[in-house]
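Trainee: Residue numbers (my numbering), protein chains in the order written: chain Z, 6 to 101; chain S, 28 to 406. Glycine residues also receive a C-beta, built at the ideal position from the N, C-alpha and C atoms.
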Amino acid sequence: MCLGIPGRVIAITDPERLMGLVDVSGVRREVNLTCVVTGRPDAVVGCWVLVHVGFAMGIIDAEEARLTLAALAQLGEAEEEIAAMRHSARTLETAS
Amino acid sequence: MKYVDEFRDPILARHLIAHIEKLVPLAGGTEEKPIAIMEICGGHTHAIFRYGLDRLLPAGLEFLHGPGCPVCVLPMSRVDDCIEIAERKEVIFTTFGDAMRVPGTRKSLMQAKADGADIRMVYSPLDALALARKFPDRQVVFFGLGFETTMPATALTVLTAARDGVSNFFLFCNHILVPPPLRALLQDPQMRIDGFIGPGHVSMITGAKPYRFIAGEFGKPLVIAGFEPLDLLQSISMVLEQLAEGRAEIENQYARLVLEDGNPQAMAAIDTVFEPRDSFDWRGLGEIDHSGVKIRPAYAAYDAEQKFGVGYGAGKTAGREPDGCRCGDVIKGLAKPTACPKFGTECLPEQPLGALMVSSEGACAAYYQYGGVRQEAAE
Ligand code: SF4
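1. Give the secondary structure of D275 (chain S) by DSSP, where H, G and I count as helix, E and B as strand, and everything else as coil.
2. Tell me whether F240 (chain S) sits in a helix, a strand or coil according to DSSP, three-state version.
3. Using DSSP's beta-bridge definition, name the partner residues of Q166 (chain S).
4. Assuming V285 (chain S) contacts I251 (chain S) (C-beta within less than 8 Å), just tell me the rounded distance between them.
5. Give the range of the alpha helix (DSSP H) segment to which R33 (chain Z) is assigned.
6. Which residues mark the beginning and the end of the beta strand (DSSP E) in which S387 (chain S) is found?
7. Out of S:L212, S:D145, S:I322 and S:H73, which one is the CA nearest neighbour of V385 (chain S)?
8. Please classify R147 (chain S) as buried or exposed, where buried requires at least 16 other C-beta atoms within 10 Å of its C-beta.
9. Check whether the Cβ atoms of S306 (chain S) and D298 (chain S) sit closer than 7 Å, and answer yes or no.
10. Out of curiosity, what's the CA-to-CA distance linking Q333 (chain S) and W53 (chain Z)?
11. State yes or no: is the beta carbon of G63 (chain Z) nearer than 7 Å to at least one beta carbon in chain S?
12. Suppose contacts are defined by Cβ-Cβ distances below 7 Å. Is F197 (chain S) in contact with P97 (chain S) by that definition?
13. What span of residues does the alpha helix (DSSP H) with F76 (chain S) cover, start to end?
14. Let me check you understand the geometry: is the CB of R353 (chain S) closer than 6 Å to at least one non-hydrogen atom of the ligand SF4?
15. Using 8 Å for Cβ pairs, my map puts I17 (chain S) next to G55 (chain S). What's the rounded Cβ distance?
16. May I have the straight-line CA-CA distance separating G311 (chain S) from F162 (chain S), to the nearest angstrom?
17. Which one or two residues does DSSP pair with P303 (chain S) in a beta bridge?
18. Would you check if the segment 368 to 387 of chain S and the segment 352 to 359 of chain S touch, i.e. whether three or more CB-CB distances between them fall below 8 Å?
19. Would you give the residue range spanned by the beta strand (DSSP E) that R128 (chain S) belongs to?
20. Quick one: what does DSSP say V205 (chain S) is sitting in, helix, strand or coil?
21. Quick check on S387 (chain S): buried or exposed, where buried means 16 or more other Cβ atoms within 10 Å of its Cβ?
22. Residues of chain S with a CB under 7 Å from the CB of C40 (chain Z): which are they?
23. Please classify A88 (chain Z): is it buried, with 16 or more other beta-carbons within 10 angstroms of its beta-carbon, or exposed?
24. Measuring CB to CB, does I119 (chain S) end up less than 7 Å from D154 (chain S)?
25. Should L53 (chain S) go down as buried or exposed, given a rule of 16 or more other Cβ atoms within 10 Å for buried?
26. Could you give the DSSP three-state label for P46 (chain Z): helix, strand or coil?
27. In the segment 73 to 97 of chain Z, which residues sit with their C-beta less than 9 Å from some C-beta in chain S, listed in chain order?
28. Any C-beta of chain S sitting closer than 7 Å to the C-beta of G104 (chain Z)?
29. Can a CB atom of chain Z be found closer than 7 Å to the CB of V157 (chain S)?
30. Hey, does R147 (chain S) have any beta-carbon neighbour from chain B nearer than 7 Å?
31. Would you say F90 (chain S) touches the ligand SF4, meaning its beta carbon is less than 6 Å from a heavy atom?
32. Residues in the same chain with beta-carbon distance under 7 Å from G87 (chain S), minus the five sequence neighbours each way, listed in chain order, please.
33. In chain Z, what lies closer than 9 Å to R77 (chain S) by C-beta?
34. Evaluate D330 (chain S) with the Cβ neighbour count: other Cβ atoms within 10 Å of its Cβ, from every protein chain shown; 16 or more gives buried, anything less gives exposed.
35. Who are the Cβ neighbours of R401 (chain S) in its own chain at under 6 Å, not counting the five residues just before and after it?
36. For a contact defined as C-beta to C-beta under 7 Å, what are the partners of H73 (chain S) on chain Z?
What follows is the structure, given as structure tokens:
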């Protein structure tokens, strides 16, 4: 929850709400990009971002993303984060 | 040094450790009276134990584990409030998974869920908002928890709800701020802290400015750090260098992520939605002035506290801690987890009595998992 996880912006899905599709270690989810977009939303497509609870909080470079992912994996936090994302996606799909 | 080979760059790690060994006596640290460095962030606590940094470093240096694990400082009365809300028939209660096992006075959210309350774990407040859209007849409450890192996310979610006119989404705001408890700890006459390792991701949002009082008013160094082992080793040596040279400054080891002014969009979102509370209750630390935020009147329609009459809205007093536990002393760095009579006996990660045992970022859980009973039994 506190450390966040790096992901790569794949596409802008809702330019008005500044939402985009982000790939986090193979899991794709919609992420809010408000805190990292300063000009045109398109400009962040392809960038690595640090994602905290569904919000991109900072742009990082590819090397920093690699370092952070490795450190999170060693702490067991990457797995936890991705599991939480998957669980949430299922909750929304199957919710009744 | 069995752990060092695991590091990304063992040679650099050994070099940094040797440097720290040289600096400790220069900074005045001895085995009898070690230099006490407090890591504020629970992520750092976890990393220090995971990499065994507490054992790799000289005896003249001691780590105090600070209050930076939001789950650990959540008072029982707040958990009770959550359960009171969650047990209403019309409510879908959503929370980060971390909060599920925190003990309340009566039960945890996990137990309430087992008893039939509609409690759902979500990864993001956006998912709670999505549930509200999906179930317009239910009232969807999100348990907003965490420091400045998660605060922009809940603020932006409230703004989205307002903008899209979603009227069945409510935020139970329990967000807290990092600097106020540090001031409280520094003012505590029992406290001995020589310097701080500052949180990386919180600082990415807030910048370095909120920590200036630590150097300015209290004369203690603080170094903002990443959570990779080499980041931590480097930050520790930066704190020691300051101490050895008699300096007290706010330095930034994590400049590749943390900018001096933080993230302006995130700070603007926080400021739009939240305002400071007069005080907020911290488990183990008690009420601390201006240490939490609440929803501004302009967004009162989204405030679960007002909607359901719980929390500070209800003027309740703090719940007490379990008998015989030492959570408060551990949070303040006055006692090691092993000094608690419940540690590893009545209080275990699978069955936590105190909140410090719940998350891997809590000092007791980290100690238990990596440094505590298992290791001692093996030695
Ligand atoms: S062992 Fe359990 S009861 Fe004791 S201080 Fe730690 S969390 Fe609290």
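Mentor: Reading from the atomic positions:
1. For the record, residue 275 (chain S) in the displayed sequence is Ala; it is not Asp. DSSP places A275 (chain S) in coil when its eight states are reduced to three.
2. helix
3. S:V118
4. 5 Å
5. Careful: R33 (chain Z) lies outside any alpha helix (DSSP H), inside the beta strand (DSSP E) at V32 to N37.
6. Segment: none, S387 (chain S) is in no beta strand (DSSP E) and carries neither H nor E.
7. S:H73
8. buried
9. no
10. 39 Å
11. yes
12. no
13. G69 to R77
14. yes
15. Look at the range of chain S in this structure, 28 to 406, and you will see that residue 17 (chain S) is not part of it.
16. 38 Å
17. S:V320
18. yes
19. No beta strand (DSSP E) contains R128 (chain S), which DSSP labels as neither H nor E.
20. coil
21. buried
22. P179, N290, Q292 and A293
23. exposed
24. no
25. exposed
26. helix
27. T73, A75, A76, L77, Q79, L80, G81, E82, E85, E86, A88, A89, M90, R91, H92, S93, A94, T96 and L97
28. Given that chain Z is displayed from residue 6 to residue 101, the structure contains no residue 104 (chain Z) and the question cannot be resolved.
29. The amino acid at residue 157 (chain S) is misidentified as Val; the sequence shows Ala. Cβ-Cβ to chain Z under 7 Å: yes for A157 (chain S).
30. Absent here is chain B; the protein component of the structure consists of chains Z and S.
31. no
32. V51, P52, G56, T57, E58, P61 and I62
33. Q79, L80 and G81
34. buried
35. At R401 (chain S) the pLDDT is 43, less than 50, meaning the model places this residue with poor confidence; the figure from the coordinates comes in the next sentence. Cβ neighbours of R401 (chain S) beyond the five flanking positions: none.
36. L80
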